[in-house]
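Undergrad:
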Amino acid sequence: MAPDINAPEVDAGAQIVDDLLRIFDIDAEISIREPLTPGDGLGSVLAVLDIKGEDLGLLIGRRGDTLIAMQYLVNLILGRKYPGRGGVTIDVEHYKHRNEERIIAMATRMGDRVRESGNAITLEPMSAAERRLIHMTFAEDPELETNSIGEGENRKVVISLRQ
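One gets the numbering used here by counting positions in the sequence shown from 1 and adding 56 to each.
1. With respect to the beta strand (DSSP E) encompassing N155, which residues constitute its N-terminal and C-terminal limits?
2. Please report the Cβ distance between I215 and M166, rounded to the nearest whole angstrom; I am assuming they are in contact, meaning their Cβ atoms lie under 8 Å.
3. So, helix, strand or coil for I79, using DSSP?
4. Measure from the alpha carbon of E201 to the alpha carbon of each residue in I177, I72, P64, L76, then state which is nearest.
5. Residues in the same chain with beta-carbon distance under 8 Å from D74, minus the five sequence neighbours each way, listed in chain order, please.
6. Determine, using beta carbons only, whether L105 and I146 come nearer to each other than 8 Å.
7. Just to confirm my understanding: we take M192, look at its own chain, exclude 5 residues before and 5 after, and list those with CB closer than 8 Å. What are they?
8. According to the Cβ coordinates, are E90 and P59 closer than 8 Å?
9. Nearest to D121 by CA position, among I133, N155, E110, G135, is which residue?
10. Does DSSP put A184 in a helix, a strand or coil?
11. How should M57 be labelled, buried or exposed, when 16 other C-beta atoms within 10 angstroms of its C-beta is the threshold for buried?
12. Determine the extent of the beta strand (DSSP E) in which G97 is found, giving its start and end residues.
13. Within 10 angstroms of the Cβ of N131, are there 16 or more other Cβ atoms? Answer buried if so, exposed if not.
14. Check whether the Cβ atoms of L189 and I159 sit closer than 8 Å, and answer yes or no.
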C-alpha cells in the first residue's frame, strides 16, 4: 500500500485520536507523516499519526499495550467507515521508533551470538509487530533464519543457523 497522508481516512483517524485525547483530558498535539520504517508500518498503512505532549506514558501503557489497543480501535473504526482502504499507525513521543531500534539492535546481538556458538536462541515473548521486525531483520541473512513458536501472548522468535 502506498502512503497517502492526504487520504480522507488519515484525516478521519486524526480526528478519532483527537476525540480520544479530549475524552481522556490529555493535552497533546497530533502531526501526520509518511511511514518511514517497517515499525511505522511502511507498505501497510497510509500514514503515521505522531502524538506529542507532556506525560504521555498513560497513552503508551505497559510495554506499549495501551498504544497498541488505541491503534487497533482507531483502525477498527476506520475499517468500518472506509472498508478496504487502509489504516494508520499511531506513535506517542516516538515510542515505536525507539522500540524498533531497540528490538533490531537486540536481534542483531542475538544473531551474532548464534553465529559464534552455532546454538539457536529463543527470545522472550513479544507482540506480533515486534516479531515481524525480527523476521525482517534476518530475511535476507544467508546464515540465519527465524521461526515463531508458541501461542498467543507467549509467542516467541527462535533465531538459528540456516539448515
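Note that CB positions come from ideal geometry on N, CA and C, so glycine has one too.
In this text, all values refer to a predicted model and were calculated from it rather than measured experimentally.
TA: Walking through what the data contain:
1. Counting along the chain, N155 falls outside any beta strand (DSSP E), though it belongs to the alpha helix (DSSP H) covering 151 to 173.
2. 5 Å
3. helix
4. I177
5. I86
6. yes
7. P94
8. yes
9. N155
10. helix
11. exposed
12. Careful: G97 lies outside any beta strand (DSSP E) and carries neither H nor E.
13. buried
14. yes
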